[in-house]
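The next block holds one structure in the form of structure tokens; read it before the comments.
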Amino acid sequence: MTQELPHSTPHPLRADARDNRDRLLEAARAVFSQEGLTVPTREIARRAGVGPATLYRHFPTKEALVTAAFADQLRACQDIVDRASADPDPWRGLCQVIENICELHARDRGFTEAFLSAYPRAITVVTGRDRILATIADLARRAKLTGHLRPDFEPDDLILMLLANKGIQLTSPTTQLAASRRFAALLIQAITNCPHKTPLPPAVHLTGTRGRPAG
Numbered sequence: 001m002t003q004e005l006p007h008s009t010p011h012p013l014r015a016d017a018r019d020n021r022d023r024l025l026e027a028a029r030a031v032f033s034q035e036g037l038t039v040p041t042r043e044i045a046r047r048a049g050v051g052p053a054t055l056y057r058h059f060p061t062k063e064a065l066v067t068a069a070f071a072d073q074l075r076a077c078q079d080i081v082d083r084a085s086a087d088p089d090p091w092r093g094l095c096q097v098i099e100n101i102c103e104l105h106a107r108d109r110g111f112t113e114a115f116l117s118a119y120p121r122a123i124t125v126v127t128g129r130d131r132i133l134a135t136i137a138d139l140a141r142r143a144k145l146t147g148h149l150r151p152d153f154e155p156d157d158l159i160l161m162l163l164a165n166k167g168i169q170l171t172s173p174t175t176q177l178a179a180s181r182r183f184a185a186l187l188i189q190a191i192t193n194c195p196h197k198t199p200l201p202p203a204v205h206l207t208g209t210r211g212r213p214a215g
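Residue numbers for the sequence shown follow UniProt numbering, beginning at 1 and rising by one.
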């Protein structure tokens with residue numbers, strides 16, 4: 001009689017390995033957020049205080065690191081869209097999506113690049129993005145039926161919105177968020193099909209403000 005082998009279960013990481021992984025993710029989020037995804041993995045390892053071999057043991061590819069680094073942001077983005085989709089007023093839900101996603105992406109340049117498929121082999125990010133965009137497209141379709149959303153709005157305009165929002169790169173995080181909020185308000189007014197317009201957030205005075213070049 002053949003003895004059945006017990007099911008194998010993944011072994012939990014040792015405390016020092018968990019600490020190294022956490023430091024790598026913290027460094028990756030900080031670097032990607034400030035400088036985008038082009039930063040070499042060796043630089044991330046250096047900032048985390050570990051060697052490249054340690055990084056590759058936890059994250060064999062850069063795509064794996066990107067996916068793990070932005071897992072929380074992707075879940076937050078999905079939560080924003082799910083809450084908006086459940087709103088009985090689809091126009092209000094769409095406006096909330098635009099406002100909240102612009103703010104989320106303004107806080108993290110690296111997440112925007114990952115979301116826009118700078119690393120298409122980061123399957124979790126790409127799959128999550130496609131689901132998010134499909135939900136927003138359905139929300140936009142329903143918002144058109146209410147008469148609030150202009151009929152020529154297309155789901156691809158959302159990608160255009162994120163690309164434009166990504167271009168807001170200022171040295172002050174507070175100014176960055178303020179500029180992104182005003183941009184979102186201007187965008188909402190541009191796509192509305194109703195004559196009534198709500199007041200804009202305060203203008204952001206950018207003259208003399210040193211920004212970083214986009215890209």
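Ideal Cβ placement from N, Cα and C applies to all residues, glycine included.
Helix, strand or coil at residue i according to DSSP, with G and I counted as helix
i      : result
Thr146 : coil
Leu116 : coil
Thr135 : helix
Leu37  : coil
Leu158 : helix
Leu200 : coil
Pro6   : The predicted position of Pro6 is uncertain, since its pLDDT is 43 and thus under 50; a value taken from the coordinates is nonetheless stated next. Pro6: coil per DSSP, three-state reduction.
Option nearest residue i by Cα separation, candidates the options
i      : options                          : result
Leu37  : His148, Arg109, Phe59 and Pro199 : Arg109
Val16  : Thr54, Asn193, Ala140 and Ala179 : First, the amino acid is wrong: residue 16 is Asp here, not Val. Among Thr54, Asn193, Ala140 and Ala179, the Cα nearest to that of Asp16 is on Thr54.
Gly51  : Glu26, Arg29, Asn20 and Glu35    : Asn20
Leu162 : Trp91, Ala178, Ile98 and Ser85   : Ile98
Gly93  : Leu116, Val39, Thr61 and His148  : His148
Asp82  : Ala137, Ala184, Ala28 and Val66  : Ala137
Ala76  : Leu25, Gly128 and Ala45          : Gly128
Ala27  : Pro40, Ala86, Val39 and Ile44    : Ile44
Val126 : Pro173, Val66, Leu200 and Ala86  : Val66
Leu177 : Pro201, Leu158, Thr61 and Ala190 : Pro201
Asp130 : Asp156, Arg141 and Ser172        : Asp156
Opening and closing residue of the alpha helix (DSSP H) in which residue i lies
i      : result
Asn193 : Run containing Asn193: none; DSSP gives neither H nor E here.
Gln96  : Pro90 to Ala106
Val66  : Lys62 to Ala69
Thr54  : Pro52 to His58
Nearest-angstrom Cβ-Cβ length linking residue i and residue j, presumed shorter than 8 Å
i      : j      : result
Ile80  : Asn100 : 5 Å
Ala164 : Arg182 : Incorrect: roughly 12 Å between the Cβ atoms, too far for contact.
Gln73  : Phe111 : 4 Å
Phe70  : Ala114 : 5 Å
Ala30  : Pro90  : With 8 Å as the limit, Ala30 and Pro90 do not qualify as a contact, their Cβ atoms being about 37 Å apart.
Ile188 : Arg150 : Actually they do not touch by this definition, with Cβ atoms about 11 Å apart.
Ala85  : Thr135 : Before going on, a small fix: residue 85 reads as Ser here, not Ala. Confirmed, Cβ separation roughly 5 Å.
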